[in-house]
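>
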Amino acid sequence: EDQVTQSPEALRLQEGESSSLNCSYTVSGLRGLFWYRQDPGKGPEFLFTLYSAGEEKEKERLKATLTKKESFLHITAPKPEDSATYLCAVTTSGTYKYIFGTGTRLKVLA
Amino acid sequence: EPEVTQTPSHQVTQMGQEVILRCVPISNHLYFYWYRQILGQKVEFLVSFYNNEISEKSEIFDDQFSVERPDGSNFTLKIRSTKLEDSAMYFCARDRGDTDTQYFGPGTRLTVL
Numbered sequence: 013e014d015q016v017t018q019s020p021e022a023l024r025l026q027e028g029e030s031s032s033l034n035c036s037y038t039v040s041g042l043r044g045l046f047w048y049r050q051d052p053g054k055g056p057e058f059l060f061t062l063y064s065a066g067e068e069k070e071k072e073r074l075k076a077t078l079t080k081k082e083s084f085l086h087i088t089a090p091k092p093e094d095s096a097t098y099l100c101a102v103t104t105s106g107t108y109k110y111i112f113g114t115g116t117r118l119k120v121l122a
Numbered sequence: 005e006p007e008v009t010q011t012p013s014h015q016v017t018q019m020g021q022e023v024i025l026r027c028v029p030i031s032n033h034l035y036f037y038w039y040r041q042i043l044g045q046k047v048e049f050l051v052s053f054y055n056n057e058i059s060e061k062s063e064i065f066d067d068q069f070s071v072e073r074p075d076g077s078n079f080t081l082k083i084r085s086t087k088l089e090d091s092a093m094y095f096c097a098r099d100r101g102d103t104d105t106q107y108f109g110p111g112t113r114l115t116v117l
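Here it is in structure tokens:
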């Protein structure tokens with residue numbers, strides 16, 4: 013069964029304290045891996061799409077990387093406004109549906 | 005990327021009642037999706053819709069659910085006889101078809117009493 017696991021479940025950082033979030037996946041034929049940010053009561057907001065191992069994408073303080081088994085979302089010098097739940101999702105060959113992980117709740121303290 | 009609009013933002017209904025959730029996507033998008041998120045849980049796929057037909061559905065999407073694009077613009081999710089466990093956020097998503105990236109609407113919070 014296709015599965016996406018995110019860790020840690022929750023993370024508290026001081027402002028400026030860099031860290032990484034993990035998304036590991038067990039799927040038959042990865043077609044794409046996606047990172048989203050979700051604020052409470054709102055819809056997921058698109059951050060990155062990764063397609064192949066070794067690929068990296070950056071946006072402001074965020075950098076996403078992909079290997080054959082997992083993806084990392086690196087947060088450099090986070091600010092309080094980076095506080096949110098970060099979601100990882102995958103699509104597999106032959107389907108367009110997303111399979112989501114449970115997310116990492118990030119809290120950045122000033 | 006422009007967002008989709010979803011209405012209503014919050015719907016409260018009695019168990020056994022029918023509800024219709026609406027999504028207004030950008031007209032040049034071909035692929036539409038419905039997901040749900042029960043409070044505190046992960047986002048779950050319900051159904052995908054392409055060219056006015058269901059292209060894929062999950063085991064959650066049973067006979068009490070249906071989707072339509074009745075007027076060529078709005079995209080609706082109908083739940084025929086709501087249950088308490090249908091209480092959740094329901095998200096509409098769309099993509100252009102030339103990428104796999106999906107863009108989500110703000111969601112409709114459904115509360116079944």
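The listed protein sequences derive, respectively, from chains A and B. FYI, the numbering for the first sequence is 13 to 122, going by this note's numbering. FYI, the numbering for the second sequence is 5 to 117, going by this note's numbering. We put the CB at the ideal spot given by N, CA and C, even for glycine. These numbers come from a predicted model, not from an experiment.
Can you find a C-beta in chain B that's less than 9 Å from the C-beta of threonine 61 of chain A?
Here residue 61 of chain A refers to the residue found at position 49 when the first sequence is read from its first residue. Threonine 61 of chain A counts as touching chain B.
> Can you tell me which residues form a DSSP beta bridge with leucine 33 of chain A?
Position 21 of the first sequence, counted from the start, is the residue given in the question as residue 33 of chain A. Per DSSP, A:Leu85.
> Tell me which residues share the same chain as lysine 75 of chain A and place their Cβ nearer than 6 Å to its Cβ, disregarding the 5 neighbours each side in the sequence.
Taking the first residue of the first sequence as 1, we reach residue 75 of chain A at position 63. Around lysine 75 of chain A: His86.
> Mapping DSSP to helix, strand and coil, what is leucine 88 of chain B?
Position 84 of the second sequence, counting from 1, holds the residue named residue 88 of chain B. Three-state result, leucine 88 of chain B: helix.
> With DSSP run on the structure shown, which of helix, strand or coil describes aspartate 94 of chain A?
For the purposes of this step, residue 94 of chain A is taken as the residue at position 82 of the first sequence. It is helical.
> In the DSSP assignment, the beta strand (DSSP E) including leucine 59 of chain A goes from what residue to what residue?
Counting from one through the first sequence, the residue named residue 59 of chain A turns up at place 47. Segment 57 to 62, the beta strand (DSSP E) holding leucine 59 of chain A.
> Of all Cβ atoms in chain B, is any one closer than 9 Å to the Cβ of proline 56 of chain A?
Position 44 of the first sequence, counting from 1, holds the residue named residue 56 of chain A. Taking Cβ atoms only, chain B reaches closer than 9 Å to proline 56 of chain A, which makes this a yes.
> Counting C-beta neighbours from all protein chains within 10 Å, is the total for aspartate 90 of chain B 16 or more, i.e. buried, or is it exposed?
Mapped onto the second sequence, residue 90 of chain B falls at position 86. Burial call: buried.
> Compare the C-alpha of glycine 28 of chain A against each of A:Leu78, A:Thr104 and A:Thr88 and name the closest.
Here residue 28 of chain A is taken as the residue at index 16 of the first sequence, counted from 1. Of the candidates A:Leu78, A:Thr104 and A:Thr88, the one whose C-alpha sits nearest the C-alpha of glycine 28 of chain A is A:Thr88.
> Give the C-beta separation of valine 8 of chain B and threonine 17 of chain B to the nearest angstrom, bearing in mind that I take them to be a contact with Cβ-Cβ under 8 Å.
As a working note, residue 8 of chain B is residue 4 in the second sequence. As a working note, residue 17 of chain B is residue 13 in the second sequence. That belief does not hold up - the Cβ atoms of valine 8 of chain B and threonine 17 of chain B are roughly 22 Å apart, past 8 Å.
> Beta strand (DSSP E) containing isoleucine 24 of chain B: first to last residue?
Counting from one through the second sequence, the residue named residue 24 of chain B turns up at place 20. Segment 23 to 28, the beta strand (DSSP E) holding isoleucine 24 of chain B.
> Kindly list, in the order they appear in chain A, the residues whose Cβ is closer than 7 Å to that of serine 91 of chain B.
Locating residue 91 of chain B in the second sequence gives position 87, counting from the first residue. Those do not exist, as serine 91 of chain B stays about 14 Å from chain A at its closest Cβ, beyond 7 Å.
> In the structure shown, what three-state DSSP assignment does isoleucine 58 of chain B receive?
Reading the second sequence from its first residue, position 54 is the one you call residue 58 of chain B. Three-state result, isoleucine 58 of chain B: strand.
> Near lysine 119 of chain A, what residues of its chain come up, given a Cβ to Cβ distance below 8 Å and the 5 sequence neighbours on each side ignored?
Your numbering for residue 119 of chain A matches position 107 in the first sequence. Closer than 8 Å at Cβ, skipping near neighbours: Ala22, Leu23, Arg24, Leu25 and Ser95.
> Between glycine 111 of chain B and methionine 93 of chain B, how many whole angstroms is the CB-CB distance? I'm expecting something under 8 Å.
In the second sequence, counting from the first residue as 1, residue 111 of chain B sits at position 107. In the second sequence, counting from the first residue as 1, residue 93 of chain B sits at position 89. The Cβ separation is near 4 Å, so the contact holds.
> Give me whichever residues DSSP pairs with glycine 113 of chain A in a beta bridge.
The residue labelled residue 113 of chain A in the question sits at position 101 within the first sequence. Its beta-bridge partners do not exist; DSSP assigns none.
> Within 9 Å of any Cβ in chain A, is that where the Cβ of serine 70 of chain B sits?
Working through the second sequence from its first residue, we reach residue 70 of chain B at position 66. Output row for serine 70 of chain B: interface = no.
> Verify whether the separation of the beta carbon atoms of glutamate 68 of chain A and leucine 62 of chain A is less than 9 Å.
For the purposes of this step, residue 68 of chain A is identified with residue 56 of the first sequence, where counting begins at 1. For the purposes of this step, residue 62 of chain A is identified with residue 50 of the first sequence, where counting begins at 1. Yes.
> In terms of alpha-carbon separation, which member of A:Thr97, A:Phe84, A:Ser40 and A:Thr114 lies closest to serine 31 of chain A?
As a working note, residue 31 of chain A is residue 19 in the first sequence. Ranking A:Thr97, A:Phe84, A:Ser40 and A:Thr114 by Cα distance to serine 31 of chain A puts A:Phe84 first.
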